[in-house]
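Undergrad: The structure follows.
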Amino acid sequence: MAKLSKPAKIYLILVFAILYTPIFYLIFYSFNSGGTMSSFEGFTLEHYGAVFNDTRLLIILMNTVIIALLSSLISTAIGVLGAIGIVFLRNRKTRNAVLSLNTILIVSPDVIIGASFLILFTMIGVKLGFASVLISHIAFSIPIVVIMVLPKLQEMSGSLIDAATDLGASKRDILTRVIIPYIKPGIFAGFFLALTYSLDDFAVTFFVTGNGFSTLSIEIYSMARAGITLTINALSALIFVVTLGLVLGYYFFTQRAGQSPGTGGAKV
Amino acid sequence: MKDSPSRPLYLAPYYIWIALFVIAPIALIFYFSFLDLTGAFTLENYQNFFSSVYLRMTLSSFWYAFLITLITILIAYPTAYWLTKTKHKQLWLLLIIIPSWINLLLKAYAFIGIFGLYGPANKLLQALGAGPLQILFTDFSFIFVSVYIFIPFMVLPIFNSLDKINPALIDASRDLGASSFTTFRRIIFPLAINGVKSGVQAVFIPALSLFVITRLIAGNKVITLGTAIEQQFLVTQNWGMGSTIAVFLILFMIIIMMLTGQKEKGGLYNGKTK
């Protein structure tokens, strides 16, 4: 391949600089002893201390983690079973219809998901708060898990199942001892993706959270609307590290699952 | 398993999910779009939508989304093109993608600082001789931050389709005497058009429905369809009108997906872009 010309290199460096400047700008000022994001006065860790001493913030952090773990576990279970069901649908038309229904929540804008879930919860009488947020997160994570698991299932040879049947395995055995082990990398990738989407979500949660319950992104939003607090900077540095860890974990599993990388959630 | 006559029980949760969280919400949005504030049937919401206020809002939302998408393509295309020529291209691509995993709110928050009256952007302007300007809460800051956020979502699909092009085709075009520009226009661009289409899909629809950035960065100056829906649902509490706007947003989404649609799968895996 031809080597990059100089202008091309400069252009790429510029794009990378623009992409990363805001992130490092945030992290840099999290160590600022002055209270602003404009003049750096001295190095301090007090804003990190503020994060860990704020009980309210820690409770919100715990809520966020609990919601993320629970919703990704439950959505992975439902999604994996759903994907297996889709693969075994014999009728091509039904299968395509189910697949289209599956993708609706992936392509719909968050505002629409949030607004329609708000109507739904009000109609069926789910109280807005922990339950409504958890259910919403499970709901928007299921199709992602299905998408991640399907390719693995499709590449699995049918003769594996035939062999197991011939050797006297029950349906339950086939599921737990043949299918699930085979698609494990896809399941892990789906779980990780569900986890990051749940942690990252703002818009859907914003609609269904009600008054008493709050997750980290809701809290950051109300803090940011009030103005600049360097506690947010410290928080974002911590979130950056955790996100990086999750992304690397996700790549590790998708590399093993043999799938192409994808972008994160553009949550708007 | 192939010859099981009864529908297996393990599928139940998944089908319940489809019924409750895919079909029911859309049906409810349509149903509520015909209700007024007291819950009685009305067509007033649709009438209102076609009044000049909402039409102007829709048009301006489309205009912003168009500008954001266009600028994103102009920046992302050369990036993707040159990325395919780097040595460790998958690593560089990963580096482009990582910022898209950082929470949108934090990126918007960073720009509140950068574009602030005493922030680095204004310091740079002052050093150049232009006095401190109000950058935050303008159209410029809104478009800049949106483009910033969408760049990775445009680079990825374009990169993938450029990367798939067989280099022999480009060599052949060169051997047959085509200039670099002709090669780009006649060979590379048409072969990579699907990537651009997926990118447009991943940027244009979210750009129509943005509401976080409009609130935090644009003050309340820019109103997109998303902002209007959020306003109707959570501030004005007029769910009927909010649902009507949502119905139109869904319609626009379907039209855009048909225009940029392609039989080849792959666009779907570019991530959840809402």
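Protein chains in written order, with this note's numbering: chain S, 9 to 276; chain P, 148 to 421.
All C-beta atoms, glycine included, are put in the ideal place defined by N, C-alpha and C.
Residues of the region 234 to 250 of chain P with a CB closer than 9 angstroms to any CB of chain S: list them in chain order, please.
TA: Residues passing the 9 angstroms Cβ filter: Lys234, Gln237, Trp239, Leu240, Leu241, Leu242, Ile243, Ile244, Ile245, Pro246, Ser247, Trp248, Ile249 and Asn250.
Undergrad: The alpha helix (DSSP H) with arginine 333 of chain P in it runs from where to where?
TA: Counting along the chain, arginine 333 of chain P falls outside any alpha helix (DSSP H), and DSSP gives it neither H nor E.
Undergrad: Give the secondary structure of asparagine 307 of chain P by DSSP, where H, G and I count as helix, E and B as strand, and everything else as coil.
TA: Helix.
Undergrad: Just to make sure I have the definition right: I need the residues of chain S whose C-beta is within less than 8 angstroms of the C-beta of serine 356 of chain P. Which are they?
TA: Within 8 angstroms Cβ-Cβ: Pro117, Asp118, Val119, Ile120 and Val276.
Undergrad: Determine, using beta carbons only, whether tyrosine 190 of chain S comes closer than 7 angstroms to chain P.
TA: With 7 angstroms as the cut-off, tyrosine 190 of chain S does not count as an interface residue toward chain P.
Undergrad: In angstroms, rounded to a whole number, what distance separates the CA positions of proline 446 of chain P and phenylalanine 179 of chain P?
TA: Given a span of 148 to 421 for chain P in the structure shown, any question on residue 446 of chain P remains unanswerable.
Undergrad: On a Cα-Cα basis, can you pick out the residue from P/Thr407, P/Ala268 and P/Leu396 that is closest to methionine 204 of chain P?
TA: Among P/Thr407, P/Ala268 and P/Leu396, the Cα nearest to that of methionine 204 of chain P is on P/Leu396.
Undergrad: Write down the C-beta distance between isoleucine 150 of chain S and serine 83 of chain S rounded to the nearest angstrom, noting that I regard them as a contact closer than 8 angstroms.
TA: Right, the Cβ-Cβ distance comes to about 5 angstroms (below 8 angstroms), so this counts as a contact.
Undergrad: Starting from glutamate 377 of chain P, find everything on chain S with Cβ-Cβ shorter than 9 angstroms and list it in chain order.
TA: The contacting residues are Val119, Gly122, Ala123, Ala211, Phe214 and Phe215.
Undergrad: Beta-carbon separation of isoleucine 340 of chain P and alanine 223 of chain P under 7 angstroms?
TA: No, these two residues do not count as a Cβ contact at 7 angstroms.
Undergrad: Out of S/Thr204, S/Gly257, S/Leu252 and S/Val250, state which residue places its alpha-carbon closest to the alpha-carbon of isoleucine 75 of chain S.
TA: Out of S/Thr204, S/Gly257, S/Leu252 and S/Val250, S/Thr204 has the C-alpha closest to the C-alpha of isoleucine 75 of chain S.
Undergrad: Please list the terminal residues of the continuous alpha helix (DSSP H) segment that includes leucine 157 of chain P.
TA: First, the residue type needs correcting, since residue 157 of chain P is tyrosine and not leucine in the sequence shown. From DSSP, tyrosine 157 of chain P is part of no alpha helix (DSSP H); its letter is neither H nor E.
Undergrad: Which residues bound the alpha helix (DSSP H) around valine 23 of chain S?
TA: Element bounds for valine 23 of chain S: 14 to 37.
Undergrad: I need the straight-line Cα distance from leucine 184 of chain P to asparagine 385 of chain P, nearest angstrom please.
TA: Answer to the nearest angstrom: the Cα atoms are 6 angstroms apart.
Undergrad: From the DSSP output, in three-state form, read off asparagine 341 of chain P for me.
TA: Residue state, collapsed to three classes: helix.
Undergrad: Determine whether the beta carbon atoms of leucine 322 of chain S and isoleucine 68 of chain S lie at a separation below 7 angstroms.
TA: Because chain S in this structure spans residues 9 to 276, residue 322 of chain S falls outside the shown range and cannot be described.
Undergrad: With a threshold of 8 angstroms, are at least 3 pairs of Cβ atoms found where one atom belongs to the region 116 to 126 of chain S and the other to the region 350 to 360 of chain P?
TA: A contact exists between the region 116 to 126 of chain S and the region 350 to 360 of chain P.
Undergrad: I need the DSSP call for phenylalanine 8 of chain S, collapsed to helix, strand or coil.
TA: A question about residue 8 of chain S goes unanswered here, because the residues of chain S that appear run from 9 up to 276.
Undergrad: Exposed or buried, what is tyrosine 258 of chain S when buried is set at 16 or more other beta-carbons lying within 10 Å of its beta-carbon?
TA: Under this definition tyrosine 258 of chain S is a buried residue.
Undergrad: On the DSSP bridge list, what partners appear for asparagine 40 of chain S?
TA: S/Phe51, per the DSSP bridge assignment.
Undergrad: Taking only runs of the alpha helix (DSSP H) that begin and end inside the region 190 to 273 of chain S, which ones reach a length of at least 4 residues, in chain order?
TA: Fully enclosed alpha helix (DSSP H) runs of 4 or longer: 211 to 216, 224 to 234 and 238 to 265.
Undergrad: Against chain P, does aspartate 208 of chain S count as a neighbour if the rule is that its beta carbon must be under 7 angstroms from one of theirs?
TA: Interface residue, yes.
Undergrad: Verify the CB distance criterion: does tyrosine 211 of chain P have a CB-CB separation below 7 angstroms to chain S?
TA: Judged by the 7 angstroms Cβ criterion, tyrosine 211 of chain P is not in contact with chain S.
Undergrad: Give a yes or no on whether the minimum CB-CB distance between leucine 252 of chain P and chain S is below 7 angstroms.
TA: Cβ-Cβ to chain S under 7 angstroms: yes for leucine 252 of chain P.
Undergrad: Would you say tyrosine 256 of chain P reaches chain S, if we count a Cβ-Cβ gap shorter than 7 angstroms as a contact?
TA: Taking Cβ atoms only, chain S reaches closer than 7 angstroms to tyrosine 256 of chain P, which makes this a yes.
Undergrad: Serine 108 of chain S CB to nearest chain P CB: under 7 angstroms?
TA: Serine 108 of chain S does not count as touching chain P.
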